[in-house]
Amino acid sequence: MSANVLFSIFAILIGLCIGSFLNVVALRGLSGESIIFPPSKCPKCSTKLSWYTNIPVISYIFLLGKCKYCKEPISIQYPIVEAANAILYLAMFLNFGLSLKTLFLCAISSIFVLICITDFKEHVVIDLHTYILMALALLYNILHIGSISIPQSFLGLIAGYLIFELLAHIGTLSVKTRAFGEGDTLIAMGLGAFFGLKMLLFVAFLSIIIQAIFALPALFVKYIKNKHYGTAFALLAAVLCIICTKLINTNSQYYLIFIGAICLVLFLCLFVILKTLKNRSENEDFYYMPFGPAMVASALIMIFFSQQILNMFI
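Sequential numbering from 1 applies to the sequence shown in UniProt numbering.
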């Protein structure tokens with residue numbers, strides 16, 4: 001068996017074990033419990049778990065997704081997080097080899113997993129997790145493991161704060177709701193420290209695209225359900241206009257007229273959507289999808305495919 005295969009197996013096993021620990025850290029961080037005491041227990045019956053019922057992924061499979069003691073269902077979150085962390089560790093090793101860079105990237109990817117758990121589950125980003133992300137990102141560049149200088153790393157951290165807080169306050173002024181949560185700003189600071197200002201802009205742009213892919217269909221359905229038909233139509237029209245910009249022949253003599261018409265329609269659509277958001281009643285449920293996971297996804301994409309993505313735009 002080759003050394004690469006052995007190290008790959010080791011990366012998977014370590015990833016599974018740390019993934020199991022991440023579940024504990026995230027869930028107890030939300031509940032305010034210590035991550036050390038009490039020992040692992042069933043969240044339903046609070047029975048202390050034996051070691052053989054706490055083996056990452058394997059125990060879930062053999063127990064058929066149910067607690068050994070109370071027979072209540074075990075959340076699918078546990079094996080998903082364990083497997084996801086193991087896959088990330090394996091991917092880091094296969095792409096960057098056995099190196100200090102891989103060690104840092106594995107640690108950072110585990111923080112990403114923590115952020116996703118808490119943001120998906122409770123729409124909360126725990127400050128401590130983002131502070132650790134910032135510290136790891138700065139140290140990553142201070143040790144010259146990354147591709148940016150130390151000043152660029154600190155500049156990226158500051159830029160992450162300024163850009164996201166500016167956008168958040170614009171949202172507050174226009175639709176009475178922050179465009180981004182404070183936790184998203186902290187994540188942006190960590191990503192800015194890791195990637196630097198230039199790459200942070202690409203990460204932010206990619207995050208918005210990822211968020212839109214998942215959020216727009218759900219938002220459209222919600223507007224229809226709440227009988228905001230005009231807003232739903234405006235949302236659909238805006239998406240179609242953006243698609244049309246890719247279909248227009250740039251050599252056509254009517255190109256500028258088409259672009260002008262599309263910009264006008266987009267402006268009208270934006271006006272209708274913002275008006276609906278601004279005039280919604282206090283009791284009306286507002287659709288919210290956490291932005292942290294989209295930022296994490298875009299960051300991971302940039303870690304693995306940064307050069308290919310930059311080549312598309314530069």
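Cβ atoms here follow ideal geometry from the backbone N, Cα and C, with glycine treated the same way.
| Item | Value |
| --- | --- |
| Residue 73 - DSSP class collapsed to helix/strand/coil | strand |
| Beta-carbon proximity of residue 156 to residue 186, cut-off 9 Å | no |
| For residue 75, the nearest candidate out of 44, 49, 97, 140 (CA to CA) | 44 |
| Same chain, Cβ closer than 6 Å to residue 179, neighbours up to 5 away in sequence not counted | 167, 168, 171 |
| Range covered by the alpha helix (DSSP H) that runs through residue 123 | Segment: none, residue 123 is in no alpha helix (DSSP H) and carries neither H nor E. |
| Opening and closing residue of the alpha helix (DSSP H) in which residue 193 lies | 182-195 |
| Contact test: residue 301 Cβ vs the ligand SAH heavy atom, cutoff 8 Å | With respect to the ligand SAH, the structure shown offers nothing to examine, as it has no ligands at all. |
| Pairwise C-alpha distance: residue 73 and residue 106 | 30 Å |
| 8 Å contact criterion, which residue 297 and residue 210 should meet: CB distance rounded | 5 Å |
| Cβ-based burial, residue 269 [other Cβ within 10 Å; buried from 16] | buried |
| Opening and closing residue of the alpha helix (DSSP H) in which residue 19 lies | 3-31 |
| Cβ-based neighbour list, residue 153, same chain, cut-off 6 Å, excluding 5 preceding and 5 following | 138, 141, 193 |
| Candidates 300, 195, 117, of which the one nearest residue 95 by Cα | 300 |
| Touching by the beta-carbon criterion (3+ pairs, under 8 Å), the region 53-73 and the region 113-133 | no |
| Buried versus exposed call for residue 231 [16 or more other C-beta atoms within 10 Å across all chains shown] | buried |
| Cβ-based neighbour list, residue 195, same chain, cut-off 7 Å, excluding 5 preceding and 5 following | 156, 203, 302 |
| Contact check, residue 24 vs residue 50, beta carbons under 9 Å | no |
| For residue 260 and residue 251, the rounded distance between their alpha carbons | 15 Å |
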